[in-house]
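Some notes on the structure that comes next.
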Amino acid sequence: MIAGYAQNGALSEALGLFDRLREEKIQPKDVALVSVLSVCADSGSVELSEQIGRYVESQELASDTHVASVLLSMYSKCGNISKAFQIFKKIPWKDVVTWNSMIVGLAKNGLPEDAFALYKQMMETDLKPNNITFVGAFTACRCGGLVETGLKLFRSMREDYGISTEIEHYVCLVDLFCRSGRLKDAHEIVSQMEMEPNAVIWGSLFHASRIHLNVELAELSVRKLAELEPNDNWYYILLSNIYSSLDRWEEAIEVRNLVKDKKLEKEAAYIWVRVENELHKFLAADPLHPRSAEVFCILNGLAMQSLWAEHHLESGLEP
Numbered sequence: 001m002i003a004g005y006a007q008n009g010a011l012s013e014a015l016g017l018f019d020r021l022r023e024e025k026i027q028p029k030d031v032a033l034v035s036v037l038s039v040c041a042d043s044g045s046v047e048l049s050e051q052i053g054r055y056v057e058s059q060e061l062a063s064d065t066h067v068a069s070v071l072l073s074m075y076s077k078c079g080n081i082s083k084a085f086q087i088f089k090k091i092p093w094k095d096v097v098t099w100n101s102m103i104v105g106l107a108k109n110g111l112p113e114d115a116f117a118l119y120k121q122m123m124e125t126d127l128k129p130n131n132i133t134f135v136g137a138f139t140a141c142r143c144g145g146l147v148e149t150g151l152k153l154f155r156s157m158r159e160d161y162g163i164s165t166e167i168e169h170y171v172c173l174v175d176l177f178c179r180s181g182r183l184k185d186a187h188e189i190v191s192q193m194e195m196e197p198n199a200v201i202w203g204s205l206f207h208a209s210r211i212h213l214n215v216e217l218a219e220l221s222v223r224k225l226a227e228l229e230p231n232d233n234w235y236y237i238l239l240s241n242i243y244s245s246l247d248r249w250e251e252a253i254e255v256r257n258l259v260k261d262k263k264l265e266k267e268a269a270y271i272w273v274r275v276e277n278e279l280h281k282f283l284a285a286d287p288l289h290p291r292s293a294e295v296f297c298i299l300n301g302l303a304m305q306s307l308w309a310e311h312h313l314e315s316g317l318e319p
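Numbering (the UniProt record's numbering), first residue to last: 1 to 319.
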């Protein structure tokens, strides 16, 4: 039941059942642990993830390699990379999933050198890397700006290990070139892809073209993004900003009017917060939460305090 709720995004129900297991002192199965740890990591709630993580460790439930791998992945996603590495070091026999989780975690937490060093360490073992291993290595190259190293890895993955190129590999490679300002090379890679580029790839090209004021590539990226994400609007607004920065006011206004005519709105995201063992689901400007009046009142108070402190700092006075 817990796994079913988790897989269908019913976080509150999954955690509710998990809490019942704990209250009744029933040791959860590995599949339930993996499901709960995964859904905690995806929830974006650091406090909730830390709470579940402490329970798993206190009950010594991380002896299973798969559970331990998901646990360290959860800590990585929450930004607690030191805790993730502690878990990693305690695992006696590390399979490829464990190595992958740690490599990706280090790379995504701004530690590309450590991630790449760990990748090299793994390559010295008897384990055979898989497609996720290279996603981690590419992510490390992307964060560290290692363009040539990334290219060598891309070729090695296919030629030395026979691993088929997947969309995630192209996402990393294209973004690596975009971050390095090599827009022409990035666009060439996209045009030669063996599959249709997704919105993430076109988004990387668009952001790079915005930074370097490459209008032609920006317009192409927006056309592709409009096909892939027709109900979104962020790329139109940023394209309008590009036109404005180049004093192309007519085109900027035209794009803005297009957004208004289509009534495009960004889909709102939810965030989960646990308060006194009760899980709350919040949406931006959501009036439907049963205690929304209290929430907005407190937020307004915090906003006023922030403005007051800012005013005193600017005027040189003690807040």
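No residue lacks a Cβ here, since even glycine has one placed at the ideal position from N, Cα and C. None of these values were measured; they are calculated from a predicted model.
1) What is the rounded straight-line gap between the Cα of residue 206 and the Cα of residue 236?
2) Taking 9 Å as the threshold (C-beta atoms), are residue 100 and residue 125 in contact?
3) What residue from 66, 53, 49, 51 has the CA that sits closest to residue 31's CA?
4) If I measure Cβ to Cβ from residue 212 and keep anything under 8 Å in the same chain, skipping five residues before and after, which residues do I get?
5) Identify whether residue 212 lies in helix, strand or coil by the three-state DSSP scheme.
6) Taking residue 226 as the reference, give the member of 243, 246, 255, 247 with the closest Cα.
7) By how many angstroms is the C-alpha of residue 19 removed from the C-alpha of residue 36?
8) For residue 258, collect the residues of the same chain with a Cβ closer than 8 Å to its Cβ; drop the 5 residues on either side in sequence, then sort them by chain order.
9) Any idea what DSSP makes of residue 161, helix, strand or coil?
10) Between which two residues does the alpha helix (DSSP H) containing residue 98 stretch?
11) Does the Cβ of residue 77 have 16 or more other Cβ atoms within 10 Å, making it buried, or fewer, making it exposed?
12) Which two residues bound the contiguous alpha helix (DSSP H) that contains residue 142?
13) Check for me: the alpha helix (DSSP H) holding residue 112 runs from which residue to which?
14) Helix, strand or coil: how does DSSP classify residue 247 here?
15) To which residues of the same chain is residue 200 closer than 7 Å at the C-beta, ignoring the five residues directly before and after it?
16) To the nearest angstrom, how far is the alpha carbon of residue 92 from that of residue 57?
17) Cα separation between residue 221 and residue 186?
18) Check this for me: beta carbons of residue 70 and residue 41, under 9 Å apart or not?
The structure says:
1) Near 11 Å, if we compare the C-alpha coordinates of residue 236 and residue 206.
2) No; because the gap between Cβ atoms is not below 9 Å, this pair is not in contact.
3) The option with the nearest alpha carbon to residue 31 is 66.
4) Correct list, in chain order: 181, 183.
5) In the three-state reduction of the DSSP assignment, residue 212 falls in the coil class, being assigned neither a helical nor a strand state.
6) Checked all of 243, 246, 255, 247; the closest Cα to residue 226 is 255.
7) Each residue's alpha carbon lies about 11 Å from the other.
8) Setting aside the 5 residues that flank it on each side, residue 258 is surrounded in the same chain by 236, each with a C-beta closer than 8 Å to its C-beta; the list follows chain order.
9) Correct three-state label for residue 161: coil.
10) For residue 98, the uninterrupted alpha helix (DSSP H) run begins and ends at 96-108, by DSSP.
11) That one is buried.
12) 131-144 is the span of the alpha helix (DSSP H), which, as asked, contains residue 142.
13) Taken as a continuous stretch (DSSP letters only), the alpha helix (DSSP H) holding residue 112 covers 112-123.
14) Correct three-state label for residue 247: coil.
15) Hits under 7 Å: 171.
16) Cα to Cα, the separation comes out at about 15 Å.
17) Rounded to whole angstroms, residue 221 to residue 186 spans 12 Å at the Cα level.
18) In contact: residue 70 and residue 41 (Cβ atoms closer than 9 Å).
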